[in-house]
Amino acid sequence: MKDDNFLREMNARHLWHPMGHPGEQQANAPKIIKGAEGVRITDIDGHDPVDAVGGLWCVNLGYSNDAVKQAISDQLWQLPYYSAFAGTTNPAAIEASYAVQEFFAEDGMTRVFFTSGGSDSVDTALRMARQYHRLRNEPTRTKFLSLKKGYHGTHWGGASVNGNNRFRITYEPLLPGCFHLPSPYTYRNPFDESDPVKLAEKIAAAMVDEIEFQDPSTIAAFIMEPIQGAGGVIVPDASFMKHMREICDRYGILMISDEVITGFGRTGDWTGARHWGVQPDMMTIAKGITSGYFPVGGVLLGDKVADVFENAGPEGSIWTGYTYSAHPVGAAAVVACLSETLRLDTKTNAAARGTQLYDGVCKLAEKYDIIGDVRGGHGLMTGIELVSNRAKKTPMDAETMKRVHQATYEAGTMVRLGAHNVLMSPPLVISEAEVDVILASLDAGFAAA
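Count the sequence shown with our numbering and you get residues 1 to 449, in order.
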């Protein structure tokens with residue numbers, strides 16, 4: 001490793017970062033994170049804030065889980081790589097597939113197709129949805145429905161069903177046949193409806209209207225996050241996902257639950273769909289499947305979908321995949337991570353600490369007029385929408401957001417900005433005292449606005 005002077009001098013000089021302007025990154029160099037332990041990260045200057053971002057919604061077990069690290073190390077020495085394309089496999093991949101199936105059995109999932117991450121998983125799920133209908137002699141079912149404010153990765157298909165125009169406009173035209181419904185976002189929606197139950201009913205009616213307009217025989221799948229993450233931690237009413245499930249069943253449309261963020265305990269249940277009492281047809285997973293220690297994702301399928309593929313002729317072959325699908329090192333990380341996730345019962349701590357964090361932020365909203373809306377209360381996902389005028393709901397300007405972010409960091413916590421939202425998704429092993437640190441840091445951050 002080069003010394004600190006080299007790192008400071010070369011910071012952003014040659015590396016372009018995701019989700020940022022390359023010129024701005026050179027003018028305002030990114031924070032250099034050199035180490036981490038427990039739920040704290042350490043930057044190059046020795047500052048060690050609590051990581052309320054959880055890496056990127058993913059370091060569920062914190063940074064110090066030796067069981068997962070050891071499994072990765074052992075597998076590197078035994079078999080660092082081999083292809084899992086049809087014809088070969090490896091012991092770790094077989095064991096990982098069994099562990100994943102057991103973990104998601106209550107959701108009705110019985111098969112897994114491993115990928116390299118969440119964006120891969122979404123693209124693969126969309127492809128499989130189209131192929132499923134083709135195998136059932138309904139080749140006209142090619143369109144997709146999704147929600148505004150939803151995030152589904154950055155690949156071509158994922159960007160096309162994404163509901164945030166920041167990830168779309170620069171790259172349009174995208175995949176044709178993708179249509180977006182209103183988000184269950186009580187703070188801002190086209191119906192001016194603040195009652196979450198009524199809003200859920202109105203979006204359901206809009207979905208039926210859109211399906212009828214498009215013609216049901218042209219729609220392949222509906223994809224949604226059980227709780228919208230990057231869009232601002234938008235929590236729907238408990239009835240919402242059930243409405244969507246019923247409508248999908250009524251019109252023969254597959255339901256894909258994007259569990260890349262909400263899976264593995266973050267909502268206070270092992271999956272977001274389970275949290276709302278719904279069984280989807282397919283799920284997309286990543287992040288918490290290895291606690292971010294190795295890039296792994298997956299598409300999960302229930303028997304309804306799996307049977308169609310497995311009982312088809314040659315046209316049931318899956319002609320998509322990735323060099324690192326079912327990577328043996330990643331598979332070893334999956335097995336160890338799922339074992340540790342269950343042993344530590346992270347969903348229970350996520351529920352308790354999530355309530356603590358949400359309640360604490362609600363108290364801060366009583367103190368600071370710049371807090372327009374607080375969202376969360378369902379596990380360790382909390383969003384804080386900042387406004388310059390609470391009565392008019394005027395979104396906070398970017399410079400003030402940066403000031404709040406830096407002040408919060410200096411006070412002891414790393415948070416994430418999403419436009420004028422402060423987003424938090426701490427490791428699921430976080431303690432009560434560490435949540436208190438987050439709340440005190442936010443207090444300092446808002447005071448600096």
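Backbone N, C-alpha and C fix where the C-beta goes; we use that ideal spot for every residue, glycine too.
Is the distance from the Cβ of residue i to the Cβ of residue j below 8 Å?
| i | j | result |
| --- | --- | --- |
| Gly354 | Gly376 | yes |
| Pro454 | Val329 | Summary: the structure shown does not reach residue 454, with the chain confined to residues 1 through 449, and so no result is reported for it. |
| Tyr368 | Phe446 | yes |
| Ser217 | Arg141 | yes |
| Ser183 | Gly158 | no |
| Gly383 | Gly268 | no |
| Gly272 | Ala286 | no |
| Met414 | Ile32 | no |
| Ala365 | Ala411 | no |
| Val308 | Leu135 | yes |
| Ser64 | Glu37 | yes |
| Pro427 | Val161 | no |
| Lys148 | Leu181 | yes |
| His420 | Leu386 | yes |
| Ile370 | Met401 | no |
| Gly117 | Glu225 | no |
| Arg403 | Ala449 | yes |
| Gly54 | Ser431 | no |
| Leu254 | Tyr132 | yes |
| Asp123 | Met283 | no |
| Pro236 | Ala200 | yes |
| Leu357 | Ile438 | yes |
| Ala238 | Trp276 | yes |
| Val50 | Thr290 | no |
| Asn349 | Val429 | yes |
| Phe179 | Glu138 | no |
| His450 | Gln26 | No information on residue 450 is available, as it lies outside the stretch 1 to 449 that the chain covers here. |
| Lys143 | Gly177 | yes |
Sort out for me which residues DSSP pairs residue i with in a bridge.
| i | result |
| --- | --- |
| Met414 | Asp51 |
| Arg375 | Gly383 |
| Asp43 | Ile33 |
| Pro395 | Val387 |
| Ser257 | Met224 and Met283 |
| Lys143 | Ile219 |
| Asn421 | Glu385 and Gly418 |
| Ile234 | Gln228 |
Using the rule of at least 16 other Cβ atoms within 10 Å of the residue's Cβ for burial, across every protein chain shown, is residue i buried or exposed?
| i | result |
| --- | --- |
| Met109 | buried |
| His21 | exposed |
| Leu451 | Because the chain in this structure spans residues 1 to 449, residue 451 falls outside the shown range and cannot be described. |
| Arg266 | buried |
| Arg111 | buried |
| Ile219 | buried |
| Gln228 | buried |
| Gly313 | exposed |
| Pro280 | buried |
| Gly35 | exposed |
| Asn311 | exposed |
| Ile169 | exposed |
| Glu451 | Given that the chain is displayed from residue 1 to residue 449, the structure contains no residue 451 and the question cannot be resolved. |
| Gln406 | exposed |
| Thr394 | exposed |
According to DSSP, simplified to helix, strand and coil, what is residue i?
| i | result |
| --- | --- |
| Gly360 | helix |
| Leu135 | helix |
| Cys178 | strand |
| Arg390 | coil |
| Asp192 | coil |
| Asn165 | helix |
| Arg111 | strand |
| Asn449 | With the sequence shown as reference, residue 449 is identified as Ala, and Asn is not the correct amino acid for it. DSSP places Ala449 in coil when its eight states are reduced to three. |
| Ser119 | helix |
| Asn5 | helix |
| Ile370 | coil |
| Ala204 | helix |
| Gly87 | coil |
| Phe103 | helix |
| Glu452 | Nothing can be reported for residue 452, as the shown portion of the chain is limited to 1 through 449. |
| Gly354 | helix |
| Thr341 | helix |
| Leu442 | helix |
Counting only C-beta atoms, is residue i closer than 8 Å to chain B at any point?
| i | result |
| --- | --- |
| Gln406 | Annotation note: the requested chain B is absent from the structure, which comprises a single protein chain. |
Are there any heavy atoms of the ligand NAD lying less than 7 Å away from the beta-carbon of residue i, as far as the coordinates show?
| i | result |
| --- | --- |
| His275 | Absence of the ligand NAD is noted for the structure shown, with no ligands found whatsoever. |
- Query: Where are the alpha helix (DSSP H) runs, 4 residues long or more, that stay fully inside the segment 261-338, in chain order?
  - Reply: Correct list: 272-275 and 303-310.
- Query: Hey, which unbroken runs of the alpha helix (DSSP H) at 4 residues or more fall wholly within the segment 57-83?
  - Reply: The segment 57-83 is shown to contain whole alpha helix (DSSP H) runs of 4 or more residues at 66-78, in chain order.
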